[in-house]
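Enquirer:
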Amino acid sequence: MGTGLGRLAESLVPAGGVPSEGIPYEEIRHFPRSTSVGHAGRLLAGTLGGRPVVAMQGRLHAFEGHSLQEVTFPVRVLRALGAELLVMTSAAGGLNPLYELGDLMLVDDHINLMGDNPLRGVNEDALGPRFPDMSEAYDRGWLSAAEETALAERMRVQRGVYAAVLGPALETRAEYRFLRTAGADAVGMSTVPEAIVANHAGMNVLAICVITDRCLPDALEPVNVAEILRVAGEAEPRLARLVEGTLERGRAARPSMES
Ligand code: HPA
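In case it helps, our numbering puts the sequence shown at residues 7 to 265.
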């Protein structure tokens with residue numbers, strides 16, 4: 007759960023044996039710490055949309071100083087716990103001029119511009135293949151389920167390409183123009199490393215962004231982090247309904263592999 011979006015966790019129905027206040031990341035061995043504003047840094051468990059869920063309240067970013075291996079370590083933990091689907095939420099800048107502030111965007115595909123890959127280094131064959139396929143990084147079945155849920159809930163959703171940058175500096179006008187020309191609809195500083203590791207591990211991925219600022223190179227306004235958090239917070243109840251409804255109705259087009 008990304009920037010300003012950690013309250014989705016409040017929709018979790020507690021499950022037996024898991025403390026309802028969750029487990030702070032620093033109490034989990036090898037877990038990096040979440041230092042970003044709007045990220046609590048706790049692992050929670052329960053059910054959501056009738057399915058068993060482990061949730062990360064607060065995500066980790068490379069710009070905090072973590073390597074992409076560290077950023078994605080929790081995905082491997084979730085996989086080891088038996089997770090078949092990785093659902094991610096985040097705040098992102100809108101490059102598509104038709105997007106409005108507060109729009110939800112289902113990630114259809116991505117462009118990795120972080121300059122690194124979490125799978126760099128010796129491959130752990132037990133976890134996944136050396137050269138993982140990324141031809142359908144975001145499962146079509148879950149995307150359809152999310153779109154059907156949005157329709158049923160009368161919610162406006164977009165579907166687009168997410169470009170990942172390292173940050174923490176926001177982009178220049180020339181960079182936004184470049185990203186749009188490259189085919190991206192939204193830009194953010196997360197999601198892609200986790201999606202790569204989840205695909206490597208044979209998991210399905212569903213990623214949803216809130217468009218928290220508009221990144222139009224010819225009409226760019228200075229970034230306002232308080233405003234980003236406000237827009238994310240305003241979208242949060244809608245996002246929570248979308249995720250919960252999607253989990254209720256969804257199924258994967260491509261079955262996740264046995265973990
Ligand atoms: N750029 C990168 N990351 C972001 C942005 C942006 O404009 N907005 C929210 N996250």
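Don't be surprised by glycine CBs; every beta carbon is placed ideally from N, CA and C.
For Ser196, which residues does DSSP report across the bridge?
Expert: Answer is none; Ser196 lacks a bridge partner.
Enquirer: Whole-angstrom Cβ separation of Leu107 and Ile217, contact assumed at under 8 Å?
Expert: Between Ile217 and Leu107 the Cβ distance is about 6 Å, and since that is below 8 Å, they are a contact.
Enquirer: Please classify Pro124 as buried or exposed, where buried requires at least 16 other C-beta atoms within 10 Å of its C-beta.
Expert: buried
Enquirer: With which residues is Gly99 paired in a DSSP beta bridge?
Expert: Beta-bridge partners of Gly99 (DSSP): Val193 and Asp219.
Enquirer: Whole angstroms is fine: what's the gap from Phe79's alpha carbon to Ser26's?
Expert: 23 Å
Enquirer: Less than 8 Å between the CB atoms is what I'm expecting for Gln63 and Arg48, so what's the real figure, rounded?
Expert: 5 Å
Enquirer: Quick one: which unbroken beta strand (DSSP E) runs of 3-plus residues sit fully inside the region 10-90? Chain order, please.
Expert: Correct list: 48-54 and 57-63.
Enquirer: With a threshold of 16 other CB atoms inside 10 Å of the CB of Thr187, please say whether the residue is buried or exposed.
Expert: exposed
Enquirer: If we ignore side chains and look at the alpha-carbon of each, how far apart do Asn230 and Pro243 end up?
Expert: C-alpha separation (whole angstroms): 22 Å.
Enquirer: Start and end of the beta strand (DSSP E) containing Arg165?
Expert: Val163 to Ala170
Enquirer: Could you compute how far the alpha carbon of Leu212 sits from the alpha carbon of Leu226?
Expert: 30 Å
Enquirer: Can you tell me which residues form a DSSP beta bridge with Ala188?
Expert: Paired residue(s): none; Ala188 is not in a bridge.
Enquirer: If you measure between the beta carbons of Gly214 and Val249, is that distance less than 9 Å?
Expert: The residue you asked about is not Gly; residue 214 is Ile in the sequence shown. Taking 9 Å as the Cβ cut-off, Ile214 and Val249 qualify as a contacting pair.
Enquirer: Counting only the same chain and skipping the five closest in sequence on each side, list residues whose C-beta sits under 6 Å from that of Leu253.
Expert: Leu54, Gly55 and Arg57
Enquirer: Could you say which of Glu240, Arg260 and Gly256 lies nearest to Arg13 if we only look at CA atoms?
Expert: Glu240
Enquirer: Between which residues of its own chain and Ala255 is the CB-CB distance below 7 Å, once the five residues before and five after are set aside?
Expert: With the sequence shown as reference, residue 255 is identified as Arg, and Ala is not the correct amino acid for it. Only Ala151, Glu154 and Thr155 meet the Cβ criterion.
Enquirer: Assuming Ala238 contacts Ala15 (C-beta within less than 8 Å), just tell me the rounded distance between them.
Expert: About 15 Å separates the two Cβ atoms, so there is no contact after all.
Enquirer: Quick one, are the C-beta atoms of Tyr182 and Val198 less than 9 Å apart?
Expert: no
Enquirer: I need the DSSP call for Asp139, collapsed to helix, strand or coil.
Expert: coil
Enquirer: Report yes if the C-beta of Ile234 is less than 8 Å from at least one heavy atom of ligand 1; otherwise report no.
Expert: yes
Enquirer: In whole angstroms, what separates the C-alpha of Glu33 from that of Arg39?
Expert: 10 Å
Enquirer: Could you tell me which residues DSSP pairs with Ile214 in its beta bridges?
Expert: Thr95 and Leu112
Enquirer: By the three-class DSSP mapping on this structure, what secondary structure does Asn118 have?
Expert: If DSSP states are grouped into helix, strand and coil, Asn118 belongs with the strands.
Enquirer: Apart from the five residues just before and just after Arg220, which ones in its own chain have a Cβ nearer than 6 Å to its Cβ?
Expert: Gly100
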